[in-house]
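Using our numbering, the first residue of the sequence shown is number 2, and each one after it goes up by one. Here a beta-carbon is modelled for each residue, glycine too, at the ideal position from N, C-alpha and C. Everything on this sheet refers to the single structure shown next.
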Amino acid sequence: MIYTVGEMAQKLGVPASTLRYYDKEGLLPFVERSSGGIRMFRENDFEWLQVICCMKKAGMSIKDIRQYIELSMQGDDTIDTRLEMFRHQREVLTQQIQKLQHTLETVEYKCWFYEAAKAAGTVDVPGAMTDADVPEQFRAIRQELRGQKMPNIER
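In structure tokens:
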């Protein structure tokens, strides 16, 4: 089955302009063109495009994605390099997840704080609580926000 840019974009859940941009940036050397120059996407192009979209969401640059595609087109001699690219990106994502987890913990603490303040009718009540009165899962964040403890993750 052959798909147009619009049909493949719809199948991927991205704008057609995204696929045109990827093509312009050299990310789609595997896509055939008709004699009139129209892109003809095939079913097996879908997996390539899914990987490209994943790499983009993972924060990889267009340059790095292009390099990955070029290496893939070269064949099995580049497996080690491609593996290293994905291992590096996995580490980048792991660090981002840790930072987001810390941010989420801070937001959860502030939700608890304002829920307690709402119940008491004032922010003075949760603000004056001792650490022992604060739920255990929020103590470290509270101490950090008050400058009593430094976080152990990079910002």
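Rounded to a whole number of angstroms, what is the C-alpha to C-alpha distance between A129 and V135? 10 Å
Any idea if Y110 is buried or exposed, counting beta-carbon neighbours within 10 angstroms, 16 or more meaning buried? buried
Just to confirm before moving on: does the CB-CB distance between R43 and R34 stay below 8 Å? no
Assess, as a yes-or-no matter, whether the segment 85-92 is touched by the segment 41-61 under the definition of 3 or more beta carbon pairs within less than 8 Å. yes
Going straight from the alpha carbon of Q68 to that of Y4, what length do you get? 26 Å
Measure the alpha-carbon distance for P16 versus C112 and round it to whole angstroms. 36 Å
Mark Q138 as exposed unless 16 or more other C-beta atoms lie within 10 angstroms of its C-beta, in which case mark it buried. exposed
What is the DSSP secondary structure of E33, counted as helix, strand or coil? strand
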